[in-house]
Amino acid sequence: MRRFFLQQNDNRTNYINKILQEMGENTLDFEPNLDKITKKDIVIVTPAFKWTEEIAKKIPRGTTVFGGMYKDAKDYIEQLDYHNFMLDEDFVLKNATYTAEGFLVDLIKNTKMSLFEQKILILGSGRVSKAVQYILYRLSVPFDVAMRNEKELNLAKLLTKRAVNIKDLKEVIKNYDTIINTIPFEIFEDYIKDDFKSDVVIFELASKKCLDVNNLPDINYVFCPSIPSKYLGDSAGKLMLQFVLDALKLKFN
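Read in the numbering used here, the sequence shown has 90 at position 20, and its numbers run on one by one without any break.
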């Protein structure tokens, strides 16, 4: 009989666990039961799960596994029947919309002005940036954007009046009360506190921080990890589960 081994410390996989049990499936906690996994079993971890060689090498070759990126355990992961959530365009786009929607909670909670009164700058041109732009646009909240890609800059002008190239960012950065970063790169490595508004709030939505908080300790910096899990666990979990069941050719209502 197959068993599902699930990462148990996340709202998304908690939802998946509940649904699988309702379907009559046998579920177990993943990491405490690594030694019990057989090739017939199925492993599900979140897209953000940090794979290590120590964990990956304990899973039998050929086991069906669902997860995210795996750079630090590449040699072992590639011996598995591995399904990467983050390589599925439909999954990534929907997950980005959940990130943008949930981010509104952090945005409102960590700023002291109405969204409509803030001068907001969004950094980046990827899926999360576009999702944040779209949701603010739909709410009629004004914002500017900054990115490197000139083509994307021109497209961004469909939603905003001002689009800035990253290379020109330092000239205008002091205009903004709120900065939302979606670029996984240390953009502000050569910036100092005086470059920003004194009460600026910088939100981090990227996997890699846009600044070194040790160099800018007085900046109000808000790291926003795992937003879909934090605020939309059931919806994000359902998205993951549908991906899993589609791959396994199973159905749920």
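Glycine residues also receive a C-beta, built at the ideal position from the N, C-alpha and C atoms.
Going by C-alpha distance, which of E124, N96, N284, D158 is nearest Y146? E124
Just to check my reading of the structure: M217 and S184 have Cβ atoms closer than 8 Å, yes? What is that Cβ distance to the nearest angstrom? That pair is no contact at about 26 Å.
Tell me whether G94 is buried or exposed, calling it buried when 16 or more other Cβ atoms sit within 10 Å of its Cβ. exposed
From the DSSP output, in three-state form, read off N284 for me. coil
Should F255 and L281 be called a contact, given that it needs their Cβ atoms to be closer than 8 Å? no
Local conformation of A216 per DSSP, three classes: strand
For G137, write down the residues that DSSP places opposite it in a beta bridge. The partner list for G137 (beta bridge, DSSP) reads N154.
By Cβ distance, which residues of its chain are closer than 6 Å to Y140, with the 5 residues on each side in sequence left out? W121, I147
Ordered along the chain, which non-local residues of its own chain (more than five positions away) have a Cβ less than 8 Å from that of L209? L185
Please classify Y168: does DSSP put it in a helix, a strand, or coil? helix
Using the Cα positions of D111 and T133, report the straight-line distance between them to the nearest angstrom. 7 Å
Assign K319 to one of two classes, buried (16 or more other C-beta atoms within 10 Å of its C-beta) or exposed (fewer than that). Around the beta-carbon of K319, fewer than 16 other beta-carbon atoms lie within 10 Å, marking it exposed.
For L191, the first and last residue of its enclosing alpha helix (DSSP H): Counting along the chain, L191 falls outside any alpha helix (DSSP H), though it belongs to the beta strand (DSSP E) covering 190-193.
Beta-carbon within less than 8 Å of N103's beta-carbon, same chain only, minus the 5 sequence neighbours each way: which residues are those? F75
S325 classed as buried or exposed, judged by whether at least 16 other C-beta atoms fall within 10 angstroms: Nothing about residue 325 can be reported from this structure: the residues present for the chain run from 71 to 323 only.
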